[in-house]
Structure formats: C-alpha cells, structure tokens
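Reminder that position 765 of the sequence shown reads as 765 in UniProt numbering, one-by-one numbering, no gaps. We treat Cβ as the ideally placed atom computed from N, Cα and C, and that holds for glycine.
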Amino acid sequence: MQRRHTTLREKGRRQAIRGPAYMFNEKGTSLTPEEERFLDSAEYGNIPVVRKMLEESKTLNFNCVDYMGQNALQLAVGNEHLEVTELLLKKENLARVGDALLLAISKGYVRIVEAILNHPAFAQGQRLTLSPLEQELRDDDFYAYDEDGTRFSHDITPIILAAHCQEYEIVHILLLKGARIERPHDYFCKCNECTEKQRKDSFSHSRSRMNAYKGLASAAYLSLSSEDPVLTALELSNELARLANIETEFKNDYRKLSMQCKDFVVGVLDLCRDTEEVEAILNGDVNFQVWSDHHRPSLSRIKLAIKYEVKKLGRTLRSPFMKFVAHAVSFTIFLGLLVVNASDRFEGVKNLPNETFTDHPKQIFRVKTTQFSWTEMLIMKWVLGMIWSECKEIWEEGPREYVLHLWNLLDFGMLSIFVASFTARFMAFLKASEAQLYVDQHVHDDTLHNVSLPPEVAYFTYARDKWWPSDPQIISEGLYAIAVVLSFSRIAYILPANESFGPLQISLGRTVKDIFKFMVIFIMVFVAFMIGMFNLYSYYRGAKYNPAFTTVEESFKTLFWSIFGLSEVISVVLKYDHKFIENIGYVLYGVYNVTMVVVLLNMLIAMINNSYQEIEEDADVEWKFARAKLWLSYFDEGRTLPAPFNLVPSPKSFYYLIMRIKMCLIKLCKSKAKSCENDLEMGMLNSKFRKTRYQAGMRNSENLTANNSFSKPTRYQKIMKRLIKRYVLKAQVDRESDEVNEGELWFPFLWTGSGFPGLPSRVPILRPWGHSLLLLIRLWAEGGAMWLCGWGSCPLADWGLGPPPPSPRLPTAASSQNQPPDPEPFSSCHGPSCSVLVSL
1 MQRRHTTLRE KGRRQAIRGP AYMFNEKGTS LTPEEERFLD SAEYGNIPVV RKMLEESKTL
61 NFNCVDYMGQ NALQLAVGNE HLEVTELLLK KENLARVGDA LLLAISKGYV RIVEAILNHP
121 AFAQGQRLTL SPLEQELRDD DFYAYDEDGT RFSHDITPII LAAHCQEYEI VHILLLKGAR
181 IERPHDYFCK CNECTEKQRK DSFSHSRSRM NAYKGLASAA YLSLSSEDPV LTALELSNEL
241 ARLANIETEF KNDYRKLSMQ CKDFVVGVLD LCRDTEEVEA ILNGDVNFQV WSDHHRPSLS
301 RIKLAIKYEV KKLGRTLRSP FMKFVAHAVS FTIFLGLLVV NASDRFEGVK NLPNETFTDH
361 PKQIFRVKTT QFSWTEMLIM KWVLGMIWSE CKEIWEEGPR EYVLHLWNLL DFGMLSIFVA
421 SFTARFMAFL KASEAQLYVD QHVHDDTLHN VSLPPEVAYF TYARDKWWPS DPQIISEGLY
481 AIAVVLSFSR IAYILPANES FGPLQISLGR TVKDIFKFMV IFIMVFVAFM IGMFNLYSYY
541 RGAKYNPAFT TVEESFKTLF WSIFGLSEVI SVVLKYDHKF IENIGYVLYG VYNVTMVVVL
601 LNMLIAMINN SYQEIEEDAD VEWKFARAKL WLSYFDEGRT LPAPFNLVPS PKSFYYLIMR
661 IKMCLIKLCK SKAKSCENDL EMGMLNSKFR KTRYQAGMRN SENLTANNSF SKPTRYQKIM
721 KRLIKRYVLK AQVDRESDEV NEGELWFPFL WTGSGFPGLP SRVPILRPWG HSLLLLIRLW
781 AEGGAMWLCG WGSCPLADWG LGPPPPSPRL PTAASSQNQP PDPEPFSSCH GPSCSVLVSL
C-alpha cells in the first residue's frame, strides 16, 4: 500500500512538472490511464508491464503519443531500452519506425539500430534510400517525429545522419543493408530534378547538397564506403574547394569539409608503419617495385595532394638531388650570360645616339648594330633548350594542367618575349643586310658620304636619334629588357629549396596576390579620377602652368606619380581667373590623394602584413609544402638534361624512336593479316553461325567479368584495408577519451578463484544512464546489496536504468546458491544475471 501511494505521488509530481508543456500536443490531455501507464512503462523501461499490456490489453493503442507527440517506440529508443524496443517492433502497423531509427543513430545506440533494421519495413532496403521528404510525398509518416514534421531535416537519410555523427559501426551496418549517399549533381546541372528543386526552394536545395557533402566527407563514410579512400578523399577535397568559390552562401562550410578530407588523408598517412605502406599511399594502386635508377615511383597520390594543396603532406618527399642541381646550375649560367651580354656597356657606350661608326667606309651602320654577338648566340641556344623543355611538359601534362601553374605562365611569357625580341632583331638584320647588298652592287666609291642612296637604303645609315619609333631593333631592345627582368625573377622558383629564403619567397608570392586583389579597387578609383580630371582640364590645353590633365596620357602620369608624392599642386592651377574650375580641381585632387594615399595604400599595407603574419605563424608547413612542389617536378621520368644539353638527342631517344617504329610496323602487318582473314571468314560463314559465335563471345566475356569480380584483392587493397582498420580503431579510441558517452561501463576484475572459467578480465556489468553512477553511490552509502544486471532484464528499471544488451548466462556454480533475499522488490527482474550478487 505504501508503495502504491509512493508511485501515485511520483506520477502526480511528474504531471505537475509537465504542466503547461501539454500545449505542444492537445491530445496529451485525452490519454486514458491505461495509455499513460503504457507510455510511462515504455519511457522508464518497465519490461514486464509493457509485455503484459501488449499481450493482454484489447483496448490499448500502442501508437498513442504523450504531451510532446512521441509514441512508446520513440520514448523507449530515446532512453535506450532495447528490450522494450524489441517488444514494440513485434507489433504490426507500428508508427514512426523511421524516426526511431534516426533517433537511435543520433544517440549512437548500435544494438537498437540493429533491432530496428530487422523490422519488416526495412526488408527490401528501399526505406533506407528514400529521404524523409520523399516518404512524406508518399503520404507516409514513417520518418515523422510528430504530426508537425520530422525530427531532422527533410533530406537527412539514415546513412547521412550516421555519417554526420561519425558512427562507424552504424555506417557499416547501413552499407551492408545497401544504403548509399548519392553524390549531388553538378551545381550548374539543368536536369528536371535539379531545376524543379531550385525553383521550389533554392535555399532548401542548397542545404540538401550541403548535408549530402557532409556525409560524403565524413571520415566514417570515406573509410567504409570506398575501395580507395585516399583517392576518394583527395578528389572530394578538390570538388569541395571548387564549390566553395561557387556557392558563396556556404563558402566556410565547404572549406571546412575540404580541410576535413585533407585531414583524413594525413591521418591515414600518419598510421603507416613501414616503407611499403608509405609507398602504397604515395603511389596508389600500382605494382610494387623496388626503387632504382631505372624505375622511380609514380607518386600519383602525392601529385594529387600537391595539386589539391594538402600542405601537411609536404614533409614526406625525397628529391633526386642531381637533377635539381643540374637544372639550377644551368639556369644560373643562363643568368650569367645575360649579365655578360651587357658588360660591354657597364661604363657607357662608345658612340652617342647621334653618332655612327663602321668597320670600313662602305659598311652600313645598321649592319654593325644588328649583328648577334657570341653571348647572344649562347643565350638563343639556352632559350631554345628551355622552349623544348616546356613543349615536352605541355605534351606530358596537357595544356589545361600546364596553365594552372603560375611558374609555367611565367616561363611561357619569358620565353615568348625572348623569341619576339630575337625575331625583331633578326628582321632588322635582314633589312640591313639587304641595304648592304644594294650598296655593294650599286655603289663603286670608297665611301658613302657623297653618294645619293634611295630613302629605304639611306635609312639604315642614320644614327639612332633618327630611327623610327616602330623600328624593329628598338622594339627588340625593349622586349629584351622585359625578358631579362622576368628571367631574374625566375630565381624565386628555386628559393623554396633553402630554409632561410623559402618562407620569404612564399610571403612575397602571397603579397603579389594581395596586390592583384587590391588592383581591382585601385583601378576603379584611379580611372574615375583620371576621367574626371581630364574632363575638367581638357579644354585648357596651353592655359596651364604644366600640361597635367590636358590629355589622357598626362592625366595618367600626374595621378600615378602623385601616389608617390612626385606630383605638384600647381597641376590644378590655371592661368585664367576661372576660380570655380580651380576649386573643383583642388577638391578632386585632394580627395584623390586622401583616398589613394591615406586609405587604399594603408589598406594594402595592412593586407600585406596580414598575409605575412599568416605565413609566419605556420612558416614550417608552408615552406615544406612549397619545397615539396619544387621537388616533385624532378621526380618524373624524362627532362634529365638541362638546357641547352636537352637539344642533343640521347641514345635513349633513338632507342625509343626505333621501338616505336617497330611497334607501328607490327601493328600495320597484323591489321592487314586480320583484314584478309576476316574477309575470308565473312565469305564462308552464314549469319546463323555468326550469331552463335557472338552469343558464345558474350558468355565468355560475362564469365571473365565474374572471375574478375571475385578475384583476389591486390596488395594495395590489402594495405589500404589494414590502414583504414587502424584509422577506425584510432578514431573510436579518441572519441571515447574525448567525451563521456552513454555507453558501457566497464569494471576490471581479477578472477583468482574457480567457478568462473573462461571469463575475461574485463566484464561488462552495467549499462547505465548519466545518473546511474550517483545511484550506485547512494546504494553503497546505504550499506545494502544490489543486483548488478549485466545481462538480460535490469532489476533497476524503476530507477530509470536502461537494460543492457542480452548476453549468455555466466557458467557459475554459485548461481544456484545465491538467491535474492526478497524477490518482491525485484519482481521485474527475469535475467540470468540475477544469479550474481555483489555485496557493496
């Protein structure tokens, strides 16, 4: 009687606490006492009561809901009552099974997930592939949380939720059931499905894509769903980085997912224990061979990592040192030739721009100036060698991949300018040679001073001050100067090899990027003031103290040099008494200086400083990544000899040429023989025989495909499986150490006596909720004894403890001797673990 009053008092207290919460569901007030008792029993894990009511009650509605709109199955799953969940799943027409599955996945209840997946609703696996929204369109409340909607987003499927929660075991179970995460269509896809979703709700469509990519990028899904997780992670990382620049609303989210994929690759690489495993990661699925002088690793994975900027992998490479040194020395010699070529003019030229000199009286002056010196001939050979090297690189990598690298664009520009310069110089030399040939044929005097020459010939005898501005030699000299500057800037390419200069070079490169970003705003402001000042002063040409702003060219010069403080204020002053124009000029010029010098230039300095700080904070990783990119260019076969030695054909080149010609001849002979044989067969065989032959060939191909599908795993697959297993185990250990889960509570025992043969030293004895430890402490303080139910039904269900998973009975002789002193308080306990009594 006392116990009944206590139960009613606790029940009334719970209802009093709920109070206004019944406003969430009006049906909560219409529950019958039987339904209230049923929901309470399901919530607190009272297995006997739930079983009895399900078996004996004729009026019970097992789909009834409480004040929050949750039915008994949802309450049992939320409180991790496995036995109650199994009892409810046996009932037909049970509602909201899908929501219970999602709830169990979100809480990480593996055994409850397994129990729910054994429900007939998941027999065909179609429920696992359809999203809650697709289920709702079929008038199905399978995934509904209550009558108002679903617990999670409409596009969240069970496997997507498991991947989001990093539940490795649940993801594995769902994959075995046939569940998969479909990769979203391309962002610019125009299919009917994407167009309709974009038209109805563009934000929801973007969110669904984001949720799918979160699942695809999770370590749990990458580890368990792909045969080559490293390759999948690298490709997905690149795709996510591209989407970050397209879907700006989710830029930060996509960047985090891209970094998550890169961290996964690095995490797998960190678990390598020997050279073979490292080679497997770096090379990919290729045949393993010993590295030698004639066989180098393909490094396909590390090339992808460098391409997709996985900077944490930069420290794993070793470079072929001699190839790097040879190319560096060759380029240093090339720069030395550029210096030597200008050394004869270090102290000034011998003749002034208005003077001419020749070796003999009949020689034309331009023939003397357009001849190529020996240093220029060597420079041309080096340029030809570098052009040949770039052509081979374009052939091997493809034009699209070639233009993605900034240094390749710099090389292309430098070599193009050199070629244009030498071409213009050669054209000037040809014209001068033609003029010299005319003089040699038509002039018979010993000197050219008193000879009348045609204008097109006489032009080549003039001094430099009389040359046309478009003269090929003048253009050649200008282009050559630009090419020399670009050549010396190419030194920055090899600076990452040095630990001291590498970070500085990286900071300089980042600074250049900031300058290009700044140039957009700079050009807008600059053009606005340039056009405005030109419109203001273009009518006063000749009426100013200087020509500033009277033409577009003068406007550009004045505004550009004013950034550096080299323009005068007098540039806006007029000779006439037009004060209104002058005042507007003063205001515009002042606003320009404040905007450009005070605001924008300081903004640029701040951006450069910020970029430098970012590099400085992670200088070691940035430098190693840049060095890895440099070394990687010397790992591939070919391009062994530097310029200009690569112009000389090597014996290997002749060998490859002969072998290629041989293969072409063999293929040609085989094709001719096969064509003759086919013509003969076509004349002899009828259509029926050909049909039978085709069917036999199809059967052979099917058998071959089946044999390939069941072939033994490759060495690479075995190594990858081993690494992924380590990664999953490490992830589970890290998760258990980082957070306190509602998992199994383990107590180590050292069994020294007999009676428990074969029992492990770590015995799972309790699977409690968060308040269970406090309950144990309270019972221990009272000095009583309690039943520890590690297997079967839990006798502490009245206190809200969830029952643990079932397990076989312990083989013990003491089980028949230790009987509970008072079975009435523990009448709800029917598990085999009640045979073990532990005195506290």
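In the structure shown, what three-state DSSP assignment does Val65 receive?
In the structure shown, Val65 adopts extended strand secondary structure according to DSSP, grouped into three states.
So, is Arg425 buried or exposed, given that buried needs 16 or more other C-beta atoms within 10 angstroms?
That one is buried.
Just the C-alpha distance for Ser737 and Asn602, rounded to the nearest angstrom, thanks.
Taking the straight line from one Cα to the other gives about 48 angstroms.
Buried or exposed for Gln505, please, with buried defined as at least 16 other CB atoms from any protein chain shown within 10 angstroms of its CB.
Buried: at least 16 other Cβ atoms inside 10 Å.
Quick check: the Cα distance between Asn245 and Asp253, rounded to an integer number of angstroms?
When rounded, the distance between both Cα atoms is 11 angstroms.
Quick check on Lys629: does DSSP put it in helix, strand or coil?
In this structure, Lys629 counts as helix in the three-state DSSP scheme.
For Thr150: DSSP bridge partner residues
For Thr150, the beta-bridge partners assigned by DSSP are Ala144.
Once DSSP output is grouped into helix, strand and coil, what is the label at Ile112?
If DSSP states are grouped into helix, strand and coil, Ile112 belongs with the helices.
Which ranges does the alpha helix (DSSP H) cover as unbroken runs of at least 4 residues, wholly within the stretch 587-632, from first to last along the chain?
Qualifying alpha helix (DSSP H) stretches, in chain order: 601-617 and 619-632.
Through-space distance from Ala481 to Val340, alpha-carbon basis
Straight-line spacing of the CA atoms in Val340 and Ala481 works out to 14 angstroms.
Could you name the residues of the same chain whose beta carbon sits closer than 8 angstroms to that of Arg127, not counting the 5 residues immediately before and after it, in chain order?
Apart from the 5 residues on each side of it in sequence, Arg127 sits with its Cβ closer than 8 angstroms to the Cβ of Gly98, Ala121, Gln135 and Phe142 in its chain, given in chain order.
Could you tell me whether the Cβ atoms of Asp155 and Arg207 are closer together than 9 angstroms?
Contact: yes.
Count the C-beta pairs between the stretch 543-562 and the stretch 619-631 that are closer than 8 angstroms, then say yes if the count reaches three, no if not.
Cβ pair count under 8 angstroms is below three, so no.
Which residue marks the beginning of the alpha helix (DSSP H) containing His205, and which one marks its end?
That run of the alpha helix (DSSP H) goes Ser202 to Leu216.
Measure the CB-CB distance between Arg209 and Glu247 and report whether it falls below 9 angstroms.
Cβ atoms of Arg209 and Glu247: closer than 9 angstroms.
Mind checking whether Phe331 and Tyr634 have CB atoms under 9 angstroms apart?
The answer is no: Cβ separation not under 9 angstroms.
Would you kindly report the start and end of the unbroken alpha helix (DSSP H) that includes Ile181?
For Ile181, there is no enclosing alpha helix (DSSP H), as DSSP marks it with neither H nor E.
Would you call Leu729 buried or exposed, if buried means 16 or more other Cβ atoms sit within 10 Å of its Cβ?
Per the 10 Å Cβ criterion, exposed.
As assigned by DSSP and simplified to three states, the class of Asn498:
DSSP, read as helix, strand or coil, puts Asn498 in coil.
Just verifying my parser: in three-state terms, what is the DSSP assignment at Leu94?
Correct three-state label for Leu94: coil.
Taking the C-alpha atoms as reference points, what is the distance between Glu114 and Leu174?
Straight-line spacing of the CA atoms in Glu114 and Leu174 works out to 9 angstroms.
Cβ shell of Glu376 (< 7 angstroms), same chain only, five flanking positions each side left out
Closer than 7 angstroms at Cβ, skipping near neighbours: Asn341.
Distance, Cα to Cα, Pro520 vs Tyr402?
Note that residue 520 corresponds to Val in the displayed sequence, not to Pro. Between Val520 and Tyr402, the C-alpha separation is close to 26 angstroms.
Mind checking Met524: buried by the 16 CB within 10 Å criterion, or exposed?
Exposed: under 16 other Cβ atoms inside 10 Å.
For the candidate residues Phe365, Ser204 and Tyr716, whose alpha-carbon lies nearest to that of Lys431?
Closest option to Lys431, Cα to Cα, is Phe365.
Closest Cα partner of residue 844 within the set His81, Ser30, Lys466 and Leu31:
Residue 844 is absent from the model: the chain starts at 1 and stops at 840.
Quick check on Met322: buried or exposed, where buried means 16 or more other Cβ atoms within 10 Å of its Cβ?
Exposed.
Between the Cα of Lys214 and the Cα atoms of Asp201, Gln717 and Leu243, which residue gives the shortest distance?
Of the candidates Asp201, Gln717 and Leu243, Leu243 places its Cα closest to the Cα of Lys214.
Own chain partners of Leu87 with C-beta closer than 8 angstroms, once the 5 adjacent residues on each side are dropped:
Here the set comprises Ile47, Val50, Arg51 and Leu54.
Alpha-carbon to alpha-carbon, Ile475 and Glu456:
Whole-angstrom Cα-Cα distance: 19 angstroms.
How would you write the range of the alpha helix (DSSP H) that Phe321 sits in, first residue to last?
Segment Phe321 to Asn341, the alpha helix (DSSP H) holding Phe321.
Count the other C-beta atoms from every protein chain shown that fall within 10 angstroms of the C-beta of Met530, then say buried if there are 16 or more, exposed otherwise.
Label assigned to Met530: buried.
For Gly502, count neighbouring Cβ atoms within 10 angstroms of its own Cβ and tell me buried if that reaches 16, exposed if not.
So Gly502 counts as buried.
For Asn354, which residues does DSSP report across the bridge?
The partner list for Asn354 (beta bridge, DSSP) is empty, contrary to what the question assumes.
When DSSP labels each residue in this structure, what does Asn46 get in the three-state scheme?
Note: Asn46 maps to coil in three-state DSSP.
Tell me whether Lys662 sits in a helix, a strand or coil according to DSSP, three-state version.
Shown here, Lys662 sits in a helix according to DSSP, grouped into three states.
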